[in-house]
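**Student:** Take this structure, written in structure tokens, and hold onto it; I'll ask about it next.
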Amino acid sequence: MDANHVAGRIALELIGLLYRDASIDDFNARLASAEKLPNEDAGKPDALETIRMAMAIKHQLEQHQSSEQGLLAMIDSAKDLSSRLDLTSLLNAIVTRARTLLGSHLAWLTVYDAEAEEFRVLATDGAISIDTTKMTANRRHGIAGMVMSTRLPFYTTNYLLDNRFPHDPVLDNTFRNEGVAAMAGVPLLSDDNVIGLLFVADRYQRSHTALSIAILGTLATHAAVAINNAKAFEQAKIALEKADHARAELERHARDVQKAAEAHEQLTSLLARGASLGTLTQTVAQLLGGSVLVLDEAFQVISRATSPEYTGTSSDAYQPHSPPSTAVTQAIRESRQGGRSVIAYEENGEICRVAAVIGGSDLLGAVLLYRHAGLDEISVRTFERSASVMAIVLLSQERMEASKSRDVSRLLRSLVETEAEDRASLLERSRRLGLDLSQPFSLILVDTEQPKPETVARRLRAEGLFSNLVFDEIDGALAIVCPTTGAQDTVREFCAIARREFGGGFRGILSKPIYMTEAVKTIYGALRRGLSILHRIGIGGQVIDQNQMALYSVLFESHDRDSLKAFINACIGPVIAHDLRRGTQIADTLLKYLDNNQNAKSTASSLKIHVNTVRQRLANVDELLGHWSSPNRALEIHVALRLWSLSSLPSLPYLPGKDANGSSTQ
């Protein structure tokens, strides 16, 4: 065959192969056929050269195609960076693209944990073992160590047999299970710092070209940008959240400050207008959403108010001598020392906060706030500021009370100590104090053991019934002047308060009606002597009518308590002893019988028993006391029974001896 003809035919075939983008194997087959031509064939050298040139062109076309695919992959990755906000999704896309472009069996991406000094897998593609997706690599082992130290790409044709780096047995076992042979890794760089690694691996031995490593490096750069962008976005998000939180906190603080300023202005305005303690208490309760109690220096409640949203019961249960009062007392002491409010106790989901009310160096009282929730700092300041306002009000009230107390004290002393002031002047002064001495009035004189009379007087001024009465401490006793028409009500109310709050440690005498101011001095002296007698004979916890004291004053003014015991024992000792021994009520029945002018029917009616029962009990009296119905003996027995009922000696033991007439009581 003509050499030119052979060369032309081969050239046409090669052009066809290039046009069809045939595989390199087709070109290798043509090259093998040409090499079989006889050496003496003149066209053989030209045919071989033409085929090799075609194969070079094929190789260049493949390189251009690979470069074009890599460029398109970079463009797609750049689009992903700008379009994907989810970091995990973006990294998975980069890993998948790296595996596809390089034609590898497996690809994965890791990030560096500086604290643990290790790389952790974030995204994988092509793995067949779950262990591969959970790999961690120490910065000093494997390809990770090589890339970390050099900051350059690194690849190996057979990872498990490569001794250029220290191996990690755990990683080697993972790659062995995965069937990995060849591996390439490139760094993810940020400011020359390795923040991660991008790997591809094959299950056969393979060498990577510079182009494939370049493509892998570009994808790693995109991944680094994505990770940095994600970190920047997260930091920006955190900063934005902090800014929003700071703005919200600032707005809340501004609202709280505005609320506190309005509360302060409201309290100041009320104080300037001379608002009452009750109005201020109600305002504070409304401002703080709780129940407020104002206590005096004796820890008695002098004002209380509750907001509509408060649903607790602790404030209503407060009593000066109840168990929680111990915690309140301690809290008041701490508040006075520290100058701030303190929490006294928490009970049933309620918090009791206490602020001492101080005037100068004196404790004027305290303010108690009950709430179901605690207070923020600004609300605490509002509560403490309200305590300062209360102090001003209490000081003002104290000055007013002190002024009134001085006027009352002067009036009382004018009534009981001197006759120099004329009646018209006394009447005018008493009218200014709300008392009309031109009408019948009564004097109540009370001796208190604890607390002192001046403290009791301050407590009584907080009670509505006593607000219009004239009373004060005088010569160590409490003197109360009131209209005779309301004297009994005054006595009952005083006894109720004294027994409830002071334990009943008192004794007093209510005078007979007084019609002339000139008679007060004499009656006052008689009441003072009567108080001494009540103390001597042991009567306490009650206020006795002056008329009841007349006979006792005559009989016992010069006697002591032992004499009283002897007198009662001599007169009615057997009756009392019988009642104690048998559980009967003969002494009570006999007293009622004598009080009812020895009328059995009236006695039975007052005792709500049958008249025959009265007669049976009186028959027992005959057996116990002998003949007792004579006027003199009956009077002695009546006096003894009256003293026994009034005194603190209801269980007086009967001592055999002589009675008042000298008869044996055996």
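Numbered per the UniProt record's numbering, the sequence shown spans residues 1 to 666. All residues carry an ideal CB built from backbone N, CA and C; glycine is no exception.
Which residue's Cα is closest to the Cα of L368: Y345, D362 and L433?
**Tutor:** The residue you call residue 368 lines up with position 368 of the sequence shown. Out of Y345, D362 and L433, Y345 has the C-alpha closest to the C-alpha of L368.
**Student:** Assign F154 to one of three DSSP states: helix, strand, or coil.
**Tutor:** Here the question's residue 154 lines up with position 154 in the sequence shown. The answer is strand: DSSP assigns F154 an E or B state.
**Student:** Which term fits I15, buried or exposed, when burial requires 16 or more other beta carbons within 10 angstroms of its beta carbon?
**Tutor:** By 1-based counting over the sequence shown, the position of residue 15 is 15. Result: exposed.
**Student:** Nearest-angstrom Cα distance between A214 and G142?
**Tutor:** If you number the sequence shown from 1, residue 214 lands on position 214. If you number the sequence shown from 1, residue 142 lands on position 142. Each residue's Cα considered, the two are about 21 Å apart.
**Student:** With DSSP run on the structure shown, which of helix, strand or coil describes M183?
**Tutor:** Here residue 183 refers to the residue found at position 183 when the sequence shown is read from its first residue. The answer is strand: DSSP assigns M183 an E or B state.
**Student:** Could you spell out the range, first to last residue, of the beta strand (DSSP E) harbouring A355?
**Tutor:** Taking the first residue of the sequence shown as 1, we reach residue 355 at position 355. Segment E350 to G359, the beta strand (DSSP E) holding A355.
**Student:** What would DSSP say about E309, mapped onto helix, strand or coil?
**Tutor:** One-based indexing of the sequence shown puts residue 309 at position 309. Of the three classes helix, strand and coil, the one that applies to E309 here is coil, per DSSP.
**Student:** Within a Cβ cutoff of 6 Å, which residues of the same chain sit near R353, ignoring the five residues on either side of it in sequence?
**Tutor:** Within the sequence shown, numbered from 1, the residue matching residue 353 stands at position 353. Here the set comprises S341, I343 and L369.
**Student:** From the DSSP output, in three-state form, read off T522 for me.
**Tutor:** Walking along the sequence shown from the start, residue 522 turns up at place 522. If DSSP states are grouped into helix, strand and coil, T522 belongs with the helices.
**Student:** What's the call for L245, buried or exposed, on a 16-neighbour Cβ count within 10 Å?
**Tutor:** Along the sequence shown, one-based indexing puts residue 245 at 245. At residue 245 the sequence reads His, which differs from the Leu that was named. It is exposed - the Cβ of H245 has fewer than 16 other Cβ atoms within 10 Å.
**Student:** Output needed for E13: all residues of its chain with C-beta closer than 7 Å, excluding positions within five of it in sequence on either side, in chain order.
**Tutor:** Numbered from 1 along the sequence shown, position 13 holds the residue referred to as residue 13. These residues qualify, in order along the chain: R30.
**Student:** Inspect the CB distances between the stretch 216-236 and the stretch 176-195 and report whether three or more fall short of 8 Å.
**Tutor:** yes
**Student:** Applying the 10 Å Cβ sphere with the 16-neighbour rule, what's the burial state of A116?
**Tutor:** For the purposes of this step, residue 116 is taken as the residue at position 116 of the sequence shown. The residue is exposed, with fewer than 16 neighbouring Cβ atoms inside 10 Å.
**Student:** Identify every run of the beta strand (DSSP E) within the stretch 462-498, keeping only runs that are complete inside it and at least 3 residues long; order them along the chain.
**Tutor:** 470-474 and 477-483
**Student:** Quick test of the definition: if touching needs 3 or more C-beta pairs under 8 Å, does the stretch 330-338 touch the stretch 249-259?
**Tutor:** no
**Student:** Below 8 Å, can you find three or more Cβ-Cβ pairs linking the stretch 117-128 to the stretch 86-106?
**Tutor:** yes
**Student:** State the DSSP-derived secondary structure class of R139, mapped to helix, strand or coil.
**Tutor:** Reading the sequence shown from its first residue, position 139 is the one you call residue 139. The answer is coil: DSSP assigns R139 none of H, G, I, E or B.
**Student:** Compare the C-alpha of F471 against each of R492, L443 and G486 and name the closest.
**Tutor:** Counted from its first residue, the sequence shown places residue 471 at position 471. It is L443 whose Cα lies nearest to the Cα of F471.
**Student:** For the alpha helix (DSSP H) that contains Y593, what are its first and last residues?
**Tutor:** Working through the sequence shown from its first residue, we reach residue 593 at position 593. First-last of the alpha helix (DSSP H) with Y593: I586 to D595.
**Student:** Suppose you measure from the CA of I195 to the CA of A114; what does that come to, to the nearest Å?
**Tutor:** Reading the sequence shown from its first residue, position 195 is the one you call residue 195. Reading the sequence shown from its first residue, position 114 is the one you call residue 114. Approximately 9 Å, taken between the alpha carbons.
**Student:** How big is the Cα-Cα spacing for L17 and S212?
**Tutor:** If you number the sequence shown from 1, residue 17 lands on position 17. If you number the sequence shown from 1, residue 212 lands on position 212. One C-alpha to the other measures close to 26 Å.
**Student:** For V301, which residues does DSSP report across the bridge?
**Tutor:** As a working mapping, residue 301 is identified with position 301 in the sequence shown. According to DSSP, V301 bridges with L295.
**Student:** By the three-class DSSP mapping on this structure, what secondary structure does I609 have?
**Tutor:** For the purposes of this step, residue 609 is taken as residue 609 along the sequence shown, with counting starting at 1. DSSP places I609 in coil when its eight states are reduced to three.
**Student:** So, with DSSP's three-state summary, where would you put G626?
**Tutor:** Residue 626 sits at position 626 when you count from the first residue of the sequence shown. It is coil, neither helix nor strand.
**Student:** Under 7 Å from any heavy atom of the ligand NAD, does the C-beta of R413 make it?
**Tutor:** In the structure on display, the ligand NAD does not appear, and there are no ligands present to speak of.
**Student:** With G338 as the anchor, note down where its alpha helix (DSSP H) starts and where it stops.
**Tutor:** Indexing the sequence shown from 1 puts residue 338 at position 338. That run of the alpha helix (DSSP H) goes P323 to G338.
**Student:** Quick one: Cα of Y593 to Cα of H638, how far?
**Tutor:** Residue 593 sits at position 593 when you count from the first residue of the sequence shown. Residue 638 sits at position 638 when you count from the first residue of the sequence shown. Cα to Cα, the separation comes out at about 10 Å.
**Student:** Of the choices L102, L101 and T96, whose alpha-carbon is the least far from that of W108?
**Tutor:** Taking the first residue of the sequence shown as 1, we reach residue 108 at position 108. Cα-wise, what sits closest to W108 is T96.
**Student:** Measuring straight from C-alpha to C-alpha, what distance separates P653 and L641?
**Tutor:** Here the question's residue 653 lines up with position 653 in the sequence shown. Here the question's residue 641 lines up with position 641 in the sequence shown. Unreliable placement is indicated for P653, whose pLDDT of 44 sits below 50; the coordinate value is still reported in the next sentence. Taking the straight line joining both Cα atoms gives about 14 Å.
**Student:** Could you tell me the alpha carbon to alpha carbon distance between A32 and A210, rounded to whole angstroms?
**Tutor:** Walking along the sequence shown from the start, residue 32 turns up at place 32. Walking along the sequence shown from the start, residue 210 turns up at place 210. Answer to the nearest angstrom: the Cα atoms are 29 Å apart.
**Student:** What span of residues does the beta strand (DSSP E) with N193 cover, start to end?
**Tutor:** On the sequence shown, position 193 is the one that residue 193 refers to. Its beta strand (DSSP E) spans residues N193 to D202.
**Student:** Keeping to the same chain, check which residues put their C-beta closer than 7 Å to that of R381; ignore five residues upstream and five downstream.
**Tutor:** Numbered from 1 along the sequence shown, position 381 holds the residue referred to as residue 381. The answer, listed in chain order, is A260.
**Student:** Leaving aside the five residues before and after L160 along the sequence, list all residues of the same chain whose C-beta is less than 7 Å from its C-beta, in chain order.
**Tutor:** Residue mapping note: residue 160 aligns to position 160 of the sequence shown, counting from 1. Here L160 has D172, F175 and R176 as same chain residues with Cβ atoms under 7 Å from its own Cβ, once five neighbours each way along the sequence are excluded.
**Student:** Looking at the secondary structure, which residues open and close the beta strand (DSSP E) in which S442 lies?
**Tutor:** Sequence index remark: in the sequence shown, residue 442 carries index 442 (1-based). Unbroken beta strand (DSSP E) run through S442: F441 to T448.
**Student:** Quick one: grab the DSSP three-state call for D579.
**Tutor:** Residue 579 sits at position 579 when you count from the first residue of the sequence shown. D579: helix per DSSP, three-state reduction.
**Student:** Based on Cα-Cα distance, which residue from L411, F119 and T613 lies nearest to M135?
**Tutor:** On the sequence shown, residue 135 is found 135 positions in, with the first residue counted as 1. Measuring from the Cα of M135, the nearest candidate turns out to be F119.
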